[in-house]
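J.:
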Amino acid sequence: MTTPPAFRVRDLTFGYRAEAQPVLADLSFEIPSQAVTAILGPNGAGKSTLLHLLLGWHRPQQGEILLHGKPLSAYGRAGLSREVGLVPQREHVPFAFHVREYLLLGRSPHLGMLSMPNQQDLALVEAALGRLGIAHLANREVASLSGGEHQLVLIARALVQGAPVVLLDEPTAHLDLGNKYRILDLLQSLAEEGRTVVFSTHDPQAAAPIADHILLLRSGQLLFTGDPTQALTAERLSALYATPLQVAQWGKHTVVLPVKPTPSDNTTAPQME
Amino acid sequence: MASQHPHRTKFILLGLGALGLLTLSAFVGRYPAAPGLSPALLRTDPLAQRLVLDLRLPRLLAAFLTGAVLAVSGLTMQMVFRNPLVEPGFLGVSQGAAFGAALAILYFSTSPWAIQASAAAFAMLGLALTYVLARKLRYGGWILRMVLAGIAVSALFSAGVGLLKYLADPLTQLPEIVFWLLGGLWATRWDNFLVILPPTLTALVLLFLARWRLNLLSLSEEAAFSLGAAPGRERLALLTLSVVATAAVVSLAGMVGWVGLMIPHLARRLFSADARYALPASLLLGGTFTLLCDDIARTLVNGEIPLGILTSLLGAMAFVALLATTPTENRST
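Sequences listed follow chains P and S, in order. Residue 203 is where the first sequence starts when you use our numbering, and the numbers rise one by one after that. Residue 68 is where the second sequence starts when you use our numbering, and the numbers rise one by one after that.
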């Protein structure tokens, strides 16, 4: 990769309380710009915490995070949110906002404390609705959306926000197969348009098809960082999930399976090439 | 696509209704006899002129302001706490203010300024205690915990008010304290109305201007942060504005319940969850509702019905009706 990295992280350590065991210990890595990076690891590995650190929401206890060569604190509150957007896990909205208003909130980093969104902001919302093919949802209440629809709406809000770096927290976690691949395609096209996409997932099969770069995270430690062909090996994934795993190539697709059928698994394993 | 002012007609009607009721209220009352005096009498009768200008006018403006502040504060608290079931009275704010006011009457001074400062200080304390307690509770979700903590803190202050009532001089101080518990505007004159005007107007104007930001702060903390807010600091600023304004109107009107809970629900239902519309709608609806209650309070019977009793009665009934028919809001606790 010839372009300079989006994030450069050095000796990062973080814990929610100073005296407790750190959630993330001594991480150093880079995240390439204008590419898809997957943070892969089991539940509780510290993936969400790492995303929140990249967002600037948590501050490192030690080490530093540079975005485009500058520390996050140098951007200022609104400035940083014009650079880095977040697609959280499904967000509970206690009020009956409509999708259009919810998306319009994506313009907040560009508005002053006491100003209102205008027609231009609304036009950006309409464009994002059209881009993701969800214009029919515009007048629906956010709370009434299905998991897949909500995820699309959250990504649309990040588009409306217009930040060149988009962080996504488990974007495919609760989606059926169709919605999962729809979201993954979308993430890939965002990177092709020049955005830096970083997403966390516990599922190697979500990371494999689209990631240009992979971080393997286990118990707050970085096991490996590099390109997918080196990251998604049987040896590395077995260590990552503390379970013997095998990796097979099915055409262009990477398939990860347990070495032994689990006790509940009575069917025979599919034949691999 | 929705036009820029999707609720224009409703706002115009609501504004006209409020103005109409304000005008009408100047003539409604038990002088010379219920239901009121005629405009002709106002031109000839000097007593009627003094009654309207010196007593009714400040009182009906205070009634409107009280309702507007309670409703806007209720909406602000609901959005800042991401909890549609809170209002000043549920969070220890009103009871804290009443305790502060009673304390001032008993031990400091009965000047409006002293009562208001003490009411504001204890209102803030009540909210802070509720918030800290809700964080420490280990039962139920956040919405339930806030409500439970609010009940506990309110009960604590109610007990404190009870104690102060027991200690108060039954001839001079006790009637003043009882007034806080029932709520009413019969003591309103221009001087004590003008005392609460600066803090309440400042808060209303700032909250009105920040109403888009209020939408942002009603999102989850991480989402609000990622969209450029400093959630902790900004929520505290908006809460402070609403608590100061609430304490000011409570120091004048006493405990006027249910306006802060019911009116924002009604505003969201009639207009939109979007605070760009829900906040001004709450302001107008809250003011009109409380003014109407106060008109009834001073006209219906020979003496006077305490305002707090009427707003609670009508507010609670309306709230039950709203909840029973609410489509999606409030489903998850």
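C-beta atoms are modelled at their ideal positions from N, C-alpha and C, and glycine is treated no differently.
(1) Going by Cα to Cα distance, which pick from P:Gly281, P:Asp371, P:Gly350, P:Val457 is closest to Lys249 of chain P?
(2) What did DSSP end up calling Val362 of chain P once you bin it into helix, strand or coil?
(3) Can you name, in chain order, every residue of its own chain whose Cβ lies under 7 Å from the Cβ of Phe166 of chain S, other than the five neighbours on each side?
(4) Which residue comes first and which comes last in the beta strand (DSSP E) that contains Asp213 of chain P?
(5) Name the DSSP bridge partner or partners of Glu232 of chain P?
(6) Return the bridge partner residues of Thr427 of chain P from the DSSP annotation.
(7) Mind checking if Ser293 of chain S is an interface residue toward chain P, Cβ cutoff 8 Å exclusive?
(8) By the 10 Å Cβ neighbour count, where 16 or more other Cβ atoms means buried, how is Asn245 of chain P classified, buried or exposed?
(9) Closer than 8 Å, Cβ to Cβ, to anything on chain P: give me those residues from the stretch 146-162 of chain S, in chain order.
(10) Pop quiz: Phe216 of chain P and Pro262 of chain P are said to be a contact at Cβ under 8 Å. What is the actual Cβ separation, rounded to whole angstroms?
(11) Could you compute how far the alpha carbon of Leu316 of chain P sits from the alpha carbon of Glu301 of chain S?
(12) Quick check: the stretch 346-366 of chain S against the stretch 120-134 of chain S, are there 3 or more CB pairs under 8 Å?
(13) Given 8 Å as the limit, is there contact between the stretch 305-322 of chain P and the stretch 332-340 of chain S, that is, 3 or more CB pairs closer than that?
(14) Listed from N- to C-terminal order along the chain, which residues in the stretch 273-298 of chain S have their beta-carbon within a distance smaller than 9 Å of any beta-carbon of chain P?
(15) Compare the Cα-Cα distances from Ala135 of chain S to each of S:Leu274, S:Arg149, S:Gly87 and report the closest residue.
(16) Just to confirm my understanding: we take Ala298 of chain P, look at its own chain, exclude 5 residues before and 5 after, and list those with CB closer than 7 Å. What are they?
(17) If contacts are defined as beta-carbon pairs under 8 Å, then Ala312 of chain S and Pro266 of chain S qualify, I think. What distance do you get, rounded to the angstrom?
(18) State the DSSP-derived secondary structure class of Phe401 of chain P, mapped to helix, strand or coil.
(19) When you compare each of S:Thr269, S:Gly159, S:Thr90 to Ala216 of chain S by their alpha carbons, which one comes out closest?
(20) So, does the CB of Arg343 of chain S fall closer than 8 Å to a CB anywhere in chain P?
(21) I'd like to know whether the C-beta atoms of Ala237 of chain P and His415 of chain P end up nearer to each other than 8 Å.
(22) Just to confirm the assignment: which complete alpha helix (DSSP H) runs, minimum length 4, are found wholly within the stretch 160-205 of chain S?
(23) Going residue by residue through the stretch 237-272 of chain P, where are the continuous beta strand (DSSP E) segments of at least 3 residues, counting only ones entirely within it?
(24) Pull up the distance between the alpha-carbon of Val262 of chain S and that of Pro179 of chain S, whole angstroms please.
(25) Going by the beta-carbon positions, is the gap between Gly243 of chain P and Leu419 of chain P smaller than 8 Å?
(26) How many Å lie between Leu271 of chain S and Gly84 of chain S at the Cα?
(27) DSSP on Pro73 of chain S, reduced to helix/strand/coil?
(28) What is the DSSP secondary structure of Ala222 of chain P, counted as helix, strand or coil?
(29) Using 8 Å as the limit for Cβ to Cβ distance, is Glu475 of chain P near chain S?
(30) Using a Cβ-Cβ cut-off of 8 Å (strictly less than) and excluding sequence neighbours within five positions of Ser70 of chain S, which residues of its own chain qualify?
(31) Answer yes or no: does any C-beta atom of chain P fall closer than 8 Å to that of Arg335 of chain S?
(32) For Phe209 of chain P, count neighbouring C-beta atoms within 10 Å of its own C-beta (all shown protein chains included) and say buried if the count is 16 or more, exposed if not.
(33) Sort out for me which residues DSSP pairs His332 of chain S with in a bridge.
(34) To which residues of the same chain is Leu386 of chain P closer than 7 Å at the C-beta, ignoring the five residues directly before and after it?
(35) Let me know the beta strand (DSSP E) ranges lying completely inside the stretch 269-316 of chain P, each 3 residues or longer, listed in chain order.
(36) From the beta carbon of Gln363 of chain P, is the nearest beta carbon of chain S less than 8 Å away?
T.: In brief:
(1) P:Asp371
(2) helix
(3) Phe189, Phe224, Gly227, Val228
(4) 209-216
(5) P:Arg210
(6) P:Leu417
(7) yes
(8) exposed
(9) Met146, Arg149, Asn150, Pro151
(10) 5 Å
(11) 12 Å
(12) yes
(13) no
(14) Leu273, Leu276, Ala277, Arg278, Trp279, Arg280, Asn282, Leu283, Ser285, Leu286, Ser287, Glu288, Glu289, Ala290, Ala291, Phe292, Ser293, Leu294, Gly295, Ala296, Ala297
(15) S:Leu274
(16) Glu343, Ala345
(17) 6 Å
(18) strand
(19) S:Gly159
(20) yes
(21) yes
(22) 160-170, 179-203
(23) 238-242, 264-269
(24) 7 Å
(25) yes
(26) 20 Å
(27) coil
(28) coil
(29) With a pLDDT of 43 at Glu475 of chain P, under the threshold of 50, the modelled position of this residue cannot be trusted; read the value that follows with caution. Cβ-Cβ to chain S under 8 Å: no for Glu475 of chain P.
(30) Because Ser70 of chain S carries a pLDDT of 47, less than 50, the predicted location of this residue cannot be relied on, and the following value inherits that uncertainty. Correct list: empty, nothing qualifies.
(31) yes
(32) buried
(33) Note: His332 of chain S sits in no beta bridge, so no partner.
(34) Thr374, Ala408, Pro411, Ile412
(35) 286-289
(36) yes
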